[in-house]
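Novice:
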């Protein structure tokens, strides 16, 4: 599989695309005025303790107070996307939040989820500091290995090396990341030394930092991508900024010797995203409907509670029988769903409504195809079996806003509903408002200002109703169209 990473840099925005076999799979965006804060460590102050929610609000200097749950104070540290701890700490009962925190208390916390919508950032007190091959876990002595490293001999080798490299007597643990597979002891030793220096510096800053200040900031998007996404199977990293390219090469040369040769500046005349068709893919990723090559299609609806994905056969008629047609469509849809989840950065609860199948083996194969397609996803996913209603429920870890919410805002006309009241509905709302105003206030005549479409309908299709209304209220009504008015907007003016 051919994989390339494309980096597009403009003065206030950096965009990074992961392209596999010529198809866009992931898109990451970082804007200078609104950088994500996931991974940052802050010295905060407890604002409010809420025993009823087993949580507290903490001021860390952001626009909104951040949220800290009692379970995030005592559970093992979170690990990066796609990593898991082989040897977690034993589960501990959650103590009452009032026993753990008090209002006004200073506390060092790390952001595990960006502010999303109206919700503040999500915090944990169990810190983790990632490097290329390892994750340092302060205040715990656990040593774990990513579950994605499946070879038992390699897992044992890595665990032995890291255990020997851990500073004697230091209260720190490590998670060995997937990228560490096959790496020599020297590379792991460099990472260990780097992480220990970083943690010592953080401890110094925590001692002297003022409340609400950031004591550790994660890398910028391009450097973070090189650290987390650069693997030996990545063919190229192409950057359309010479300055950023040089910075990435220097970073890779220091922490990933040999891989720096894969980073190269892009100097072509066409914009790099246009050359690879990424701009068109971004526009398509903002649409609800996703076409399938067979003629079927997906319909993706993102709501506050969950994301729903509906699979339809569309124009695909198949060649044998209905069950075979449905099975082929669902197999193709499973691959497309996995790609769309990565591309659109959809998270939380996801419900997939595959086309109904009666064959149990077909259902098993569709689930297997979905899980196989999700294997390359860096975010943690969990897929459940078909429900009695024929739905597939799954979850995908969400730490930042979806692509749609990063690039779009609710429509001013429909307020995010996705639909508008018809001109007929607005017409009768206007009539009711006229009656309401006349009963409350005295006036000789009335002026109604509305959108051209509504005024046209009233004056042409509803003229008999207007005459009856004028007779009923005993006053004349004049209508005026205004291009500045949205379809649902109108004013009744008493003259």
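Numbering (this note's numbering), first residue to last: 5 to 499.
Note that the Cβ used here is the ideal one computed from N, Cα and C, for glycine as well.
Excluding the 5 residues flanking residue 417 on each side, which residues of the same chain have their C-beta closer than 8 angstroms to its C-beta?
Specialist: The count along the chain shown starts at 1 and reaches residue 417 at position 413. Result list for residue 417: 424, 490, 491, 492, in chain order.
Novice: Does the segment 106-123 come within contact of the segment 147-160, defined as at least 3 CB pairs closer than 8 angstroms?
Specialist: Contact fails: fewer than three Cβ-Cβ distances are below 8 angstroms.
Novice: Could you tell me how far apart the beta carbons of residue 496 and residue 441 are, in whole angstroms, since I believe they sit closer than 8 angstroms?
Specialist: Numbered from 1 along the chain shown, position 492 holds the residue referred to as residue 496. Numbered from 1 along the chain shown, position 437 holds the residue referred to as residue 441. That pair is a contact at about 5 angstroms.
Novice: Do residue 373 and residue 335 have their beta-carbon atoms positioned less than 9 angstroms apart in this structure?
Specialist: Translated into the one-based positions of the chain shown, residue 335 becomes position 331. Translated into the one-based positions of the chain shown, residue 373 becomes position 369. A contact, by the Cβ cut-off of 9 angstroms.
Novice: Which of the three DSSP states, helix, strand or coil, is assigned to residue 273?
Specialist: By one-based count along the chain shown, residue 273 stands at place 269. Three-state result, residue 273: coil.
Novice: Alpha carbon to alpha carbon, what distance is there between residue 421 and residue 434?
Specialist: Locating residue 434 in the chain shown gives position 430, counting from the first residue. Locating residue 421 in the chain shown gives position 417, counting from the first residue. Computed Cα separation, rounded: 21 angstroms.
Novice: Determine the direct distance from the alpha carbon of residue 211 to that of residue 52, and round the result to whole angstroms.
Specialist: In the chain shown, residue 52 corresponds to position 48, counting from 1. In the chain shown, residue 211 corresponds to position 207, counting from 1. The straight-line gap from Cα to Cα measures roughly 23 angstroms.
Novice: Buried or exposed for residue 21, going by 16 or more other Cβ atoms inside 10 Å?
Specialist: Position 17 of the chain shown holds residue 21. Buried, by the Cβ-count rule.
Novice: Compare the C-alpha of residue 28 against each of 56, 278, 224, 356 and name the closest.
Specialist: Start at 1 with the first residue of the chain shown, and residue 28 comes out as number 24. Comparing Cα-Cα distances from residue 28 to each of 56, 278, 224, 356, the minimum goes to 278.
Novice: Please go through the segment 211-269 and give each complete beta strand (DSSP E) segment of 3 or more residues, from N-terminal end onward.
Specialist: Qualifying beta strand (DSSP E) stretches, in chain order: 217-220, 238-243, 267-269.
Novice: Which one of 309, 142, 332, 392 has the shortest CA to CA distance from residue 353?
Specialist: Taking the chain shown and counting its residues from 1, the one referred to as residue 353 is at position 349. Nearest option by C-alpha distance: 309.
Novice: Helix, strand or coil for residue 42? Go by DSSP, reduced to three states.
Specialist: The residue given as residue 42 occupies position 38 in the chain shown. Coil, per DSSP.
Novice: Between which two residues does the alpha helix (DSSP H) holding residue 332 run?
Specialist: Counting from 1 along the chain shown, the entry for residue 332 is found at position 328. From DSSP, the alpha helix (DSSP H) with residue 332 extends over 326-348.
Novice: Terminal residues of the continuous beta strand (DSSP E) containing residue 301?
Specialist: To locate residue 301, count along the chain shown from 1; it is residue 297. That run of the beta strand (DSSP E) goes 301-306.
Novice: Look at the Cβ atom of residue 285, then the Cβ atom of residue 347, and state whether they are nearer than 9 angstroms.
Specialist: Taking the chain shown and counting its residues from 1, the one referred to as residue 285 is at position 281. Taking the chain shown and counting its residues from 1, the one referred to as residue 347 is at position 343. It is a contact, given that the beta carbons lie within the stated cut-off.
Novice: Given this structure, state the Cα-to-Cα distance separating residue 232 from residue 165, to the nearest angstrom.
Specialist: Residue mapping note: residue 232 aligns to position 228 of the chain shown, counting from 1. Residue mapping note: residue 165 aligns to position 161 of the chain shown, counting from 1. Going from the Cα of residue 232 to the Cα of residue 165 covers about 21 angstroms.
Novice: Given that a residue counts as buried once 16 or more other Cβ atoms are within 10 Å of its Cβ, and exposed if not, what is residue 445?
Specialist: One-based indexing of the chain shown puts residue 445 at position 441. Its Cβ having fewer than 16 others within 10 Å, residue 445 is exposed.
Novice: Provide the residue span of the alpha helix (DSSP H) that contains residue 366, from first to last.
Specialist: Walking along the chain shown from the start, residue 366 turns up at place 362. Per DSSP, residue 366 belongs to the alpha helix (DSSP H) from 364-378.
Novice: Report, in whole angstroms, the separation of the C-beta atoms of residue 176 and residue 137, which I expect to be a contact under 8 angstroms.
Specialist: In the chain shown, counting from the first residue as 1, residue 176 sits at position 172. In the chain shown, counting from the first residue as 1, residue 137 sits at position 133. Rounded, the Cβ-Cβ distance is 15 angstroms, inconsistent with contact.
Novice: Among the candidates 268, 186, 311, whose CA atom is the shortest distance from the CA of residue 341?
Specialist: As a working note, residue 341 is residue 337 in the chain shown. Per the Cα distances, 311.
Novice: Hey, how far is the Cα of residue 498 from the Cα of residue 450?
Specialist: As a position in the chain shown, residue 498 is number 494, starting the count at 1. As a position in the chain shown, residue 450 is number 446, starting the count at 1. Their Cα atoms are separated by approximately 5 angstroms.
Novice: Cα separation between residue 93 and residue 146?
Specialist: Counting from one through the chain shown, the residue named residue 93 turns up at place 89. Counting from one through the chain shown, the residue named residue 146 turns up at place 142. Residue confidence for residue 93 is low, a pLDDT of 47 falling below 50, so the modelled location carries little weight; the figure read from the coordinates is stated next. Each residue's alpha carbon lies about 7 angstroms from the other.
Novice: Once DSSP output is grouped into helix, strand and coil, what is the label at residue 155?
Specialist: Counting from 1 along the chain shown, the entry for residue 155 is found at position 151. Residue 155: coil per DSSP, three-state reduction.
Novice: Per DSSP, what kind of secondary structure is residue 118 in: helix, strand or coil?
Specialist: Counted from its first residue, the chain shown places residue 118 at position 114. Note: residue 118 maps to coil in three-state DSSP.
Novice: Buried or exposed for residue 47, please, with buried defined as at least 16 other CB atoms from any protein chain shown within 10 angstroms of its CB.
Specialist: As a working mapping, residue 47 is identified with position 43 in the chain shown. Buried: at least 16 other Cβ atoms inside 10 Å.
Novice: Would you check if the distance between the CB atom of residue 377 and the CB atom of residue 338 is smaller than 9 angstroms?
Specialist: Along the chain shown, one-based indexing puts residue 377 at 373. Along the chain shown, one-based indexing puts residue 338 at 334. Result yes, Cβ atoms of residue 377 and residue 338 sit closer than 9 angstroms.
Novice: Along the alpha helix (DSSP H) that carries residue 431, what are the first and last residues, could you check?
Specialist: Position 427 of the chain shown, counting from 1, holds the residue named residue 431. Counting along the chain, the alpha helix (DSSP H) containing residue 431 begins and ends at 427-444.
Novice: With a CB to CB cut of under 8 angstroms and the five nearest residues on each side skipped, what residues in its chain are close to residue 331?
Specialist: Locating residue 331 in the chain shown gives position 327, where the first residue counts as 1. If we look at residue 331 and ignore the five residues flanking it on each side, its Cβ neighbours are 361, 363, 366, 369, 370.
Novice: Is residue 484 closer than 9 angstroms to residue 453 when the C-beta atoms are compared?
Specialist: In the chain shown, residue 453 corresponds to position 449, counting from 1. In the chain shown, residue 484 corresponds to position 480, counting from 1. Cβ distance < 9 angstroms, so residue 453 and residue 484 count as in contact.
Novice: Pick helix, strand or coil for residue 91, following the three-state DSSP scheme.
Specialist: Residue 91 sits at position 87 when you count from the first residue of the chain shown. Only weak support exists for where residue 91 lies, its pLDDT of 43 falling under 50; the value from the coordinates is given anyway. Looking at residue 91 - three-state DSSP - the assignment turns out to be coil, as it is neither helix nor strand.
Novice: Residue 448 to residue 306, Cα distance in whole Å?
Specialist: Reading the chain shown from its first residue, position 444 is the one you call residue 448. Reading the chain shown from its first residue, position 302 is the one you call residue 306. Near 49 angstroms, if we compare the C-alpha coordinates of residue 306 and residue 448.
Novice: Is it true that the CB of residue 200 sits closer than 9 angstroms to the CB of residue 131?
Specialist: Position 127 of the chain shown, counting from 1, holds the residue named residue 131. Position 196 of the chain shown, counting from 1, holds the residue named residue 200. Result no, Cβ atoms of residue 131 and residue 200 do not sit closer than 9 angstroms.
Novice: Kindly give me the distance between the Cβ atoms of residue 252 and residue 276, rounded to whole angstroms, as I take these residues to be in contact under 8 angstroms.
Specialist: For the purposes of this step, residue 252 is taken as the residue at position 248 of the chain shown. For the purposes of this step, residue 276 is taken as the residue at position 272 of the chain shown. No, residue 252 and residue 276 are not in contact; Cβ-Cβ is about 14 angstroms, not under 8 angstroms.
Novice: Which residues does DSSP list as the beta-bridge partners of residue 472?
Specialist: Along the chain shown, read from residue 1 onward, the residue named residue 472 stands at position 468. None; residue 472 has no bridge partner.
Novice: Would you check if the segment 5-20 and the segment 222-236 touch, i.e. whether three or more CB-CB distances between them fall below 8 angstroms?
Specialist: Flag = yes, the segment 222-236 and the segment 5-20 touch.
Novice: Going by the beta-carbon positions, is the gap between residue 357 and residue 314 smaller than 9 angstroms?
Specialist: On the chain shown, position 353 is the one that residue 357 refers to. On the chain shown, position 310 is the one that residue 314 refers to. In this structure, residue 314 lies closer than 9 angstroms to residue 357 by Cβ.
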